[in-house]
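**Student:**
Residue numbers (my numbering): 1 to 103.
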């Protein structure tokens with residue numbers, strides 16, 4: 001009497017991207033507001049025309065670009081050391097990655 005479980009059609013199913021994440025080599029960008037060890041993970045935002053890479057997200061609190069060694073995806077957590085904010089990466093309706101403040 002065992003039947004295979006069927007997925008319930010009205011449940012939310014989040015698509016999982018199984019593709020491997022791209023890795024990036026980070027260089028020092030001259031950001032001097034954090035200790036030397038972490039400077040390569042941050043850069044100054046250049047304004048509305050600044051194009052963010054797939055491994056970058058803008059901190060909505062202090063307007064600093066947070067950089068990662070790997071490609072960022074929705075649900076990833078990042079930390080902004082200049083303003084001490086904890087952020088979670090989300091996708092905007094226009095398809096770009098944005099950071100939402102958690103703490």
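We put the CB at the ideal spot given by N, CA and C, even for glycine.
Cutting at 8 Å between CB atoms, please list the residues of its own chain near residue 45, excluding the five before and the five after it.
**Tutor:** Start at 1 with the first residue of the chain shown, and residue 45 comes out as number 45. Excluding residues within five positions, the ones whose Cβ falls inside 8 Å are 58, 63, 64 and 65.
**Student:** Whole angstroms are fine: how far does the CA of residue 39 sit from the CA of residue 26?
**Tutor:** For the purposes of this step, residue 26 is taken as residue 26 along the chain shown, with counting starting at 1. For the purposes of this step, residue 39 is taken as residue 39 along the chain shown, with counting starting at 1. Whole-angstrom Cα-Cα distance: 10 Å.
**Student:** Output needed for residue 41: all residues of its chain with C-beta closer than 6 Å, excluding positions within five of it in sequence on either side, in chain order.
**Tutor:** Taking the first residue of the chain shown as 1, we reach residue 41 at position 41. So the list reads 67, once near-sequence residues are dropped.
**Student:** Indicate the three-state DSSP secondary structure (helix, strand or coil) for residue 37 in the structure shown.
**Tutor:** Mapped onto the chain shown, residue 37 falls at position 37. DSSP, read as helix, strand or coil, puts residue 37 in helix.
**Student:** Given residue 43, which residues of its chain have a CB within under 7 Å of its CB, disregarding the five upstream and five downstream residues?
**Tutor:** Taking the chain shown and counting its residues from 1, one reaches residue 43 at position 43. 29, 31, 65 and 67.
**Student:** Distance, Cα to Cα, residue 35 vs residue 81?
**Tutor:** Taking the first residue of the chain shown as 1, we reach residue 35 at position 35. Taking the first residue of the chain shown as 1, we reach residue 81 at position 81. Taking the straight line from one Cα to the other gives about 10 Å.
**Student:** Rounded to whole angstroms, what is the Cα-Cα separation between residue 101 and residue 90?
**Tutor:** Translated into the one-based positions of the chain shown, residue 101 becomes position 101. Translated into the one-based positions of the chain shown, residue 90 becomes position 90. Distance between the alpha carbons of residue 101 and residue 90 is about 10 Å.
**Student:** Please classify residue 87: does DSSP put it in a helix, a strand, or coil?
**Tutor:** Against the chain shown, residue 87 aligns to sequence position 87. It is a strand residue.
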